[in-house]
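Participant: Residue numbers (the working numbering): 16 to 383. Glycine included, every Cβ here is placed at the ideal spot set by N, Cα and C. Take a look at the following structure, please.
Structure below.
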């Protein structure tokens, strides 16, 4: 489902001059307001802890590393969850996190190597995560290169192995610290534990934190009246990675993997956006009759996969779009309504010119 808020008021700025005695110079009024807005949210993140963003009613699934990885994946789907902490009973410790995307990447490895995919029904999570061939390839997380051409064939991004440690925060940790951990470690999910206990309360994301910020700041229009484009929030122009709708699912997943991306705009021959494809999309698995069928579905085109997606529900990964003229405040208000993971920035002809993610919006307020 495509949600576009192009008719919302873009907003503008002032032209007064303000003297900053400490700096000994002149600052444009807009720069002062901009700094005030960033400082307000930065202070808010410092004064609130992880417990403040956890829903009063919710659930958290934890997997024993001895269970089959395929069973764990179906449990995630059944509980409508994207990730679950892993518990190793042999050492009585949390040892990592399993995501829907991990299972999809393991399927990619089976397809590439020609290994017997039926073994996934019996191979434990621990067995998969101790397989060096899988761990050092499809499960190695690439991080986007900053300041480099992402479309270059000479891609050598830095890599992080998220499966050799359990990264988490306790409930009393400040949101600022949690955000920095998410950002610096290129995490999509952060488990929150009870201090001095081994229980996981919840798993939080950038979207969780952004929802908390928007709830408290959406009415303070004056502080966030600049456009996200002017603020440098997001990725634009030649740095944007897209996939053509005729590319196969396997090709798209490979593109997402090597560029360290969680989703990609799907475009037509004129670079007009048709949809967004997320690495965590399980449509091709939901329509498969068995593991072999799931592998063959990796050869489907993106157009075919997208046509099979449910149209009666709106997920955070659905297509939402904006323009470069939209203010941070208007995007806050739009997020309050739709809880999106990202916005595709388009021009008047619906051509892709940028991406603004929940991660980008939160990172703007961090001192990184």
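Would you mind listing the beta strand (DSSP E) stretches within the stretch 341-381 that are 3+ residues and don't spill past its ends, in chain order?
Facilitator: Whole beta strand (DSSP E) segments, 3+ residues: 357-361 and 367-372.
Participant: For my contact list, residue 317 and residue 267 are in at a C-beta cut-off of 8 Å; report their separation, rounded to the angstrom.
Facilitator: Walking along the chain shown from the start, residue 317 turns up at place 302. Walking along the chain shown from the start, residue 267 turns up at place 252. Going by Cβ atoms, the distance from residue 317 to residue 267 rounds to 6 Å, so yes, they are a contact pair.
Participant: Taking the C-alpha atoms as reference points, what is the distance between residue 364 and residue 341?
Facilitator: The count along the chain shown starts at 1 and reaches residue 364 at position 349. The count along the chain shown starts at 1 and reaches residue 341 at position 326. Whole-angstrom Cα-Cα distance: 16 Å.
Participant: Looking at the strands, I want to know which residues DSSP matches up with residue 273.
Facilitator: Translated into positions along the chain shown, residue 273 becomes position 258. Paired residues: none, contrary to the question.
Participant: How is residue 75 classed by DSSP in three states: helix, strand or coil?
Facilitator: Taking the first residue of the chain shown as position 1, residue 75 is located at position 60. DSSP places residue 75 in coil when its eight states are reduced to three.
Participant: Which runs of the alpha helix (DSSP H) fall wholly inside the stretch 273-324 and span at least 4 residues, in chain order?
Facilitator: Taking only runs of at least 4 residues, the alpha helix (DSSP H) segments lying wholly in the stretch 273-324 are 298-301, 306-312 and 317-322.
Participant: Using the C-alpha atoms, what's the distance from residue 154 back to residue 13?
Facilitator: Residue 13 is absent from the model: the chain starts at 16 and stops at 383.
Participant: Within 10 angstroms of its Cβ, does residue 89 collect 16 or more other Cβ (buried), or is it exposed?
Facilitator: Translated into the one-based positions of the chain shown, residue 89 becomes position 74. So residue 89 counts as exposed.
Participant: What's the gap between the Cα of residue 224 and the Cα of residue 136?
Facilitator: Locating residue 224 in the chain shown gives position 209, counting from the first residue. Locating residue 136 in the chain shown gives position 121, counting from the first residue. Looking at the two C-alpha atoms, the distance is approximately 36 Å.
Participant: Please specify which runs of the beta strand (DSSP E), each continuous and at least 3 residues long, are wholly inside the stretch 69-155, giving them in chain order.
Facilitator: Segments of the beta strand (DSSP E) lying fully in the stretch 69-155: 98-103 and 108-114.
Participant: By Cβ distance below 7 Å, which residues in the same chain neighbour residue 53 in space, the five residues on each side in sequence not counted?
Facilitator: As a position in the chain shown, residue 53 is number 38, starting the count at 1. 380, listed in sequence order.
Participant: Expressed to the nearest angstrom, what Euclidean distance is found between the alpha-carbon atoms of residue 227 and residue 252?
Facilitator: If you number the chain shown from 1, residue 227 lands on position 212. If you number the chain shown from 1, residue 252 lands on position 237. The alpha-carbon atoms of residue 227 and residue 252 are separated by roughly 30 Å.
Participant: Name the two residues that bound the continuous beta strand (DSSP E) containing residue 217.
Facilitator: Here residue 217 corresponds to residue number 202 of the chain shown, with the count starting at 1. Unbroken beta strand (DSSP E) run through residue 217: 215-219.
Participant: Who does residue 243 pair with in a DSSP beta bridge?
Facilitator: Taking the first residue of the chain shown as 1, we reach residue 243 at position 228. In the DSSP output, where bridge partners are listed per residue, residue 243 has none listed.
Participant: Quick test of your reading: residue 291 and residue 332, contact by CB under 8 Å. State the CB separation rounded to the nearest angstrom.
Facilitator: Translated into positions along the chain shown, residue 291 becomes position 276. Translated into positions along the chain shown, residue 332 becomes position 317. Right, their Cβ atoms sit about 6 Å apart.
Participant: CB-CB under 6 Å to residue 372, same chain, minus the five flanking residues each way: which ones, in chain order?
Facilitator: Locating residue 372 in the chain shown gives position 357, counting from the first residue. Around residue 372: 357.
Participant: Compute the Euclidean distance between the alpha carbons of residue 93 and residue 206, then round it to the nearest angstrom.
Facilitator: As a working mapping, residue 93 is identified with position 78 in the chain shown. As a working mapping, residue 206 is identified with position 191 in the chain shown. Cα-Cα distance, rounded: 20 Å.
Participant: Quick one: Cα of residue 208 to Cα of residue 104, how far?
Facilitator: Here the question's residue 208 lines up with position 193 in the chain shown. Here the question's residue 104 lines up with position 89 in the chain shown. The straight-line gap from Cα to Cα measures roughly 18 Å.
Participant: Taking the alpha helix (DSSP H) that residue 197 belongs to, which residues open and close that run?
Facilitator: Position 182 of the chain shown, counted from the start, is the residue given in the question as residue 197. Note, residue 197: alpha helix (DSSP H), 190-199.
Participant: In whole angstroms, what is the alpha-carbon distance linking residue 179 and residue 144?
Facilitator: To locate residue 179, count along the chain shown from 1; it is residue 164. To locate residue 144, count along the chain shown from 1; it is residue 129. If you take the alpha carbons of residue 179 and residue 144, they lie about 9 Å apart.
Participant: Is the separation between the beta-carbon of residue 361 and that of residue 336 shorter than 7 Å?
Facilitator: Here residue 361 corresponds to residue number 346 of the chain shown, with the count starting at 1. Here residue 336 corresponds to residue number 321 of the chain shown, with the count starting at 1. For residue 361 and residue 336, yes; Cβs fall inside 7 Å.
Participant: On the CB-based measure, 16 or more other CB atoms within 10 Å of its CB, does residue 261 come out buried or exposed?
Facilitator: Position 246 of the chain shown holds residue 261. With fewer than 16 other Cβ atoms within 10 Å, it is exposed.
Participant: Taking the DSSP output, what are the residues bridged to residue 207?
Facilitator: Start at 1 with the first residue of the chain shown, and residue 207 comes out as number 192. DSSP output for residue 207 lists 184 and 217 as bridge partner(s).
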